[in-house]
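To start, the structure itself, in C-alpha cells.
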Amino acid sequence: MRCLVTGGNVKVLGKAVHSLSRIGDELYLEPMEEGLSLRTVNSSRSAYACFLFAPLFFQQYQAATPGQDPLHCKILMKSFLSVFRSLAMLEKTVETCCISLSGRSSRLVVQLHCRYGVRKTHNLAFQDCESLQAVFDPASCPYKLCAPARVLGEAVLPFPLALAEVTLGVGAGRRVILRSYQEDEADSSLKAMVTEMSLGEDDFQQLRVREGVAVTFCLKEFRVSLPPRHVPRRPGGPTPGLTALPLSPSQGLLSFAESANLSLSVHFDTPGRPAIFTVEDSTLDGHFVLATLSEPDPHSLGLGSLEPRRPEPRLQAHSTPHQDDFASDDMDSYMIAMETSGGSEAPWARPSGSPSPGPQPPCSPAPPSEDEDEDEAEPTTVPGTPPPKKFRSLFFGSVLTPMRSPQGPSSVLAEDSDGEG
Amino acid sequence: MPLLTQRIQDESVQYSLVASLDNVRNLSTILKAIHFREHATCFATKNGIRVTVENAKCVQANAFIQAGIFQEFIVQEESITFRINLTVLLDCLSIFGSSPTPGTLTALRMCYQGYGHPLMLFLEEGGVVTVCKINTQEPEDTLDFDFCSTNVINKIILQSEGLREAFSELDMTSEVLQITMSPDKPYFRLSTFGNAGSSHLDYPKDSDLMETFLCNQTQVNRYKISLLKPSTKALVLSCKVSIRTDNRGFLSLQYMIKNEDGQICFVEYYCCPDEEVCESEY
Chain A
1499 MRCLVTGGNV
1509 KVLGKAVHSL
1519 SRIGDELYLE
1529 PMEEGLSLRT
1539 VNSSRSAYAC
1549 FLFAPLFFQQ
1559 YQAATPGQDP
1569 LHCKILMKSF
1579 LSVFRSLAML
1589 EKTVETCCIS
1599 LSGRSSRLVV
1609 QLHCRYGVRK
1619 THNLAFQDCE
1629 SLQAVFDPAS
1639 CPYKLCAPAR
1649 VLGEAVLPFP
1659 LALAEVTLGV
1669 GAGRRVILRS
1679 YQEDEADSSL
1689 KAMVTEMSLG
1699 EDDFQQLRVR
1709 EGVAVTFCLK
1719 EFRVSLPPRH
1729 VPRRPGGPTP
1739 GLTALPLSPS
1749 QGLLSFAESA
1759 NLSLSVHFDT
1769 PGRPAIFTVE
1779 DSTLDGHFVL
1789 ATLSEPDPHS
1799 LGLGSLEPRR
1809 PEPRLQAHST
1819 PHQDDFASDD
1829 MDSYMIAMET
1839 SGGSEAPWAR
1849 PSGSPSPGPQ
1859 PPCSPAPPSE
1869 DEDEDEAEPT
1879 TVPGTPPPKK
1889 FRSLFFGSVL
1899 TPMRSPQGPS
1909 SVLAEDSDGE
1919 G
Chain B
224 MPLLTQRIQD
234 ESVQYSLVAS
244 LDNVRNLSTI
254 LKAIHFREHA
264 TCFATKNGIR
274 VTVENAKCVQ
284 ANAFIQAGIF
294 QEFIVQEESI
304 TFRINLTVLL
314 DCLSIFGSSP
324 TPGTLTALRM
334 CYQGYGHPLM
344 LFLEEGGVVT
354 VCKINTQEPE
364 DTLDFDFCST
374 NVINKIILQS
384 EGLREAFSEL
394 DMTSEVLQIT
404 MSPDKPYFRL
414 STFGNAGSSH
424 LDYPKDSDLM
434 ETFLCNQTQV
444 NRYKISLLKP
454 STKALVLSCK
464 VSIRTDNRGF
474 LSLQYMIKNE
484 DGQICFVEYY
494 CCPDEEVCES
504 EY
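If you're matching them up, the sequences are chains A and B in order.
Note that the first sequence covers residues 1499 to 1919 in the working numbering.
Note that the second sequence covers residues 224 to 505 in the working numbering.
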C-alpha cells in the first residue's frame, strides 16, 4: 500500500485521526480499491467510527502491490496519532505525507515532507488483523436529519462537558430537541441542571422524522480509564448505568465536519437501534455509529404532544422489577453463543410490562465478521467497571436487560457488589 | 532608581558584587532556560555572571550574562562563587509577576557581601520595593567537560525555528535521542526509538534553516533524552543554535538568545553520550 497526501488534505487526514482517537485505542487501516479506510471501535463495542478516503483524496494511491492481496493492519491509536499530534504544525509546516505499508518490513512508514526540506519519517509497528466490520445501514433507518455541522456544533455547546448521555428527539412543530439525559430519576434532585436545546425545522437541510421519536446516546467517549461511579442500588429502582466519561465521540466527528465545512447527517431508528452519524464530500466519507439506550426516556423531551410509539405505560417502566431471563449473565459465553448461532435472536423473553412489547430484534442484524473478538479483551469485564447494561452492543446484538432484579446482583457486577447492599 | 540607591548608601557595607538591571526579566528569562534542577552555581567576574546547573554528572547547562547587559556591574574580587537555590532565586526575581505588563518594568539590584553572606535582591516596581535575602551555600565543583574547539569534528548552526517543534514533540517513550551528523546523507538527523516505533527527523545540508554546515566525519551518538529535553526551554527562547560534537561524541549546544532590549546572551548545554554506536538502528 502506498498513498501520498498533499496540501490541505494532510490536515484533513490529521483531523480525521484525531476524531477517531476519541473513540478507540486501536486504528484499523484497510487499503481497498475504493479507497483507504481507517476504522476504530471502542472497548465496549458500543461506538464504531470509520473514515473512507477515496483515491481522489490522494495525489497517488495504490491499495496493494500488484499481484498481492491488500494488507489489513491495526496499529495503536496513540502511535498513529503521534504523527499528527499537532494540527497547527501540520498546517504550517507539512507539505506532503506519504503512508506506505509493506509486509516485508512489517512497519507502517509515514513520511512527512516539511518546509525547509525537513523530512520526518515514522516507522510504526503494526499487527496483521482481520477486517473490522460493523454491520449497519443508514438507508434502513427511518429517520434522518441533516444540518451543517456548525449548526449541530453550536447546539451541543451549552451541554456541560461532563455530561454522559444526551437525548435527541423531535417534538411539537417538528422542532429537534437535544436534552441532557437523566438516567436515575431518584438522583435527579441531586443533579443541579438539565439542559435542553431546541432547533427549528429551518435549521436543517433535511428532516425526515416523526414527532415523538427520540433516541438517547452517549455524548462522551467510551473509555474505561476512569474509575466507575458507584451508585447504591435502590429497591425498585433502575440499575445504575454508565460511568461519567470525558470527551465526546460525536463531538470528535462534529469538529471534523465543522473544520471541513461539511454537513452532518444523523440516521436513527427506535431506541436501542444504533444511531449513525455521517459526513461526506467528494473525496471522503465518515461514519460514526453509536449505540442508543434501549428504552425510551420517560422524561423524554417533556412534551405534551409526544405520542408514545408503543402503548406501554412508559412511566411504570422503571418501577417494575424484571426477571433476568438471560441464559447466562456471563457476557463472554453469550457472545460466543451469538457467534456460533449465527447471530440469531437472543434466547430470552421479556416479561410483559417491559417498555418494548414482543420479541425484541437484535439491534445488529448480522454477526460480526472480525475473527479476533474472542481474543480481544471482553468489552464489559474490565475489572472494576460495571458493564454498560443499558446500551446494546452494536456487533453482537446482545441485549443486556436494562432493568435488573433488585434481588439478584448480576455475576458480572459481583466484584462491585461485595461491599454494597 | 533613586529608592534603591538611597537604601544602599545608608548602609556602610562593602559588597563584593553589585549588579543592577532596569528590567529584571533580562536576567530571569535566561535563568529559566537552565532551570532543570533546584540548585545552581553562580560564578562572577568583572566580565559578567555565569550560572551553572548540572544533572547526573552527564549534562551541564550554563547561562552567560555579560557585564554589558547590566546597567551597573561591580565585582570587587577576582572571582566570586556561590551555590544558591535557583528555584527560590527565580521566585524572588518574579515576585512582581512573571508576565510582562506593557509599560511597567521591574528593576533589580543584586548585592552580595561575600563568602557566608546571603544574596540580597532589591526589586522595585512602581514605587513598591521588595527586599529578598537568599542564603548562599558552599560552592561545589562544576564538571569540566573539556570541550574545546580544536577537537570539534562536526558543527552545524541552525535557525532555532526549525528545531523548536521537533524538540517539543520528541517521543519521550524513547530512552535516547540519537544525533547523526555527516558530510553525506542524511547530513543531520535526530532519531528516537520509542514504544510506537522509530522516528527520524532529517535536515538537509542545503536547507534554508541551515546557517552553517561543517561536517567532516559521520558521527552517530546517543544521548539520554531525559537529560536533553530541558534544553527545549533554551531552544524556544533562542533565535539560533549551534550543535557541535567532538571526537569523544560529547555534545555542545549553544543557544543565542536576544533579550527584550535586543542584547545577546548565551546559554550552552553540554552532554556526554550514552554509548557509542557504529550504525543507526532502523
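Here a beta-carbon is modelled for each residue, glycine too, at the ideal position from N, C-alpha and C.
Treat the numbers as computed from the prediction; the structure is a model and nothing was measured.
Item: Residue environment, A/K1509, which counts as buried when at least 16 other CB atoms sit within 10 Å; Value: buried
Item: Own chain residues within Cβ distance below 7 Å of A/G1506, not counting five before or after; Value: none
Item: For A/P1553, three-class secondary structure by DSSP; Value: helix
Item: Contact set between A/A1623 and chain D, taken where Cβ atoms lie within less than 8 Å; Value: Absent from the structure is chain D; the protein chains it does hold are A and B.
Item: Three-pair Cβ contact test at 8 Å for the stretch 1580–1595 of chain A versus the stretch 1623–1632 of chain A; Value: no
Item: Proximal chain A residues relative to B/S430, where beta-carbon distance stays under 8 Å; Value: Y1614, G1615, V1616
Item: Below-8 Å beta-carbon distance, B/L518 vs any chain A residue; Value: Past the boundaries of the shown model lies residue 518 of chain B; chain B is included only from 224 to 505, so the question cannot be answered.
Item: Min CB distance A/K1576 to chain B below 8 Å; Value: yes
Item: Burial state of A/G1882 (16 or more Cβ within 10 Å); Value: Confidence in A/G1882 is poor, its pLDDT being 41 and thus under 50, which makes the residue's placement unreliable; the coordinate value appears in the next sentence. By the neighbour-count rule (16 or more Cβ atoms within 10 Å), A/G1882 is not buried but exposed.
Item: Closest residue to A/V1608 among A/L1527, A/V1692, A/G1750, A/I1774 (Cα-Cα distance); Value: A/L1527
Item: For B/A256, the first and last residue of its enclosing alpha helix (DSSP H); Value: First-last for B/A256: undefined, no H or E at that position.
Item: Nearest residue (CA-CA) to A/D1567, options A/L1599, A/L1585, A/E1709, A/G1770; Value: A/L1599
Item: Bounding residues of the beta strand (DSSP E) (the contiguous stretch that carries B/N470); Value: It is not in any beta strand (DSSP E) - B/N470 carries neither H nor E in the DSSP assignment.
Item: Alpha carbon of B/T455 to alpha carbon of B/A290, nearest angstrom; Value: 26 Å
Item: Span separating the alpha-carbon of B/A286 from that of A/T1665; Value: 59 Å
Item: Environment of B/R332 [buried if 16+ CB atoms lie within 10 Å]; Value: buried
Item: B/C265, DSSP secondary structure in three states; Value: strand
Item: Simplified DSSP assignment, three categories, for A/S1780; Value: coil
Item: Same chain, Cβ closer than 6 Å to B/T353, neighbours up to 5 away in sequence not counted; Value: I318, L346
Item: Alpha carbon of A/A1773 to alpha carbon of A/K1590, nearest angstrom; Value: 36 Å
Item: Backbone secondary structure at B/S414 - three-state DSSP; Value: strand
Item: Beta-bridge pairing of A/V1713 - partner residues as DSSP gives them; Value: A/L1666
Item: Segment contact, 8 Å Cβ cut-off, at least three pairs: the stretch 355–362 of chain B with the stretch 373–382 of chain B; Value: no
Item: Neighbouring residues, chain B, relative to A/H1620 (Cβ below 7 Å); Value: G420, S422
Item: Close-in-space but distant-in-sequence residues of the same chain around B/K269 (CB under 7 Å, 5 per side omitted); Value: A290, V298
Item: 7 Å CB neighbourhood of B/L328 in its chain, flanking five on each side removed; Value: D245, N246
Item: Test: B/D407 CB closer than 8 Å to a CB of chain A; Value: no
Item: Contact check, A/A1632 vs A/A1789, beta carbons under 8 Å; Value: no
Item: Nearest-angstrom beta carbon gap, A/Y1679 and A/E1663 [assumed within contact, 8 Å]; Value: 4 Å
Item: Own chain partners of B/S465 with C-beta closer than 6 Å, once the 5 adjacent residues on each side are dropped; Value: I380, Q477
Item: Touch test, the stretch 1547–1566 of chain A against the stretch 1652–1663 of chain A, Cβ-Cβ under 8 Å, three pairs minimum; Value: no
Item: B/R306, DSSP secondary structure in three states; Value: strand
Item: Bridge partners - A/F1578, DSSP secondary structure assignment; Value: Beta-bridge pairing links A/F1578 to no other residue.
Item: Candidates B/D369, B/Q382, B/P406, B/L386, of which the one nearest B/D469 by Cα; Value: B/D369
Item: Per DSSP, the bridge partner or partners of B/N377; Value: B/C438, B/T468
Item: C-beta neighbour in chain B for A/Q1814, strict 8 Å; Value: Any answer about A/Q1814 is weak, because its pLDDT of 26 lies below 50 and its placement is not dependable; what the coordinates show is given next. Closer than 8 Å: no.
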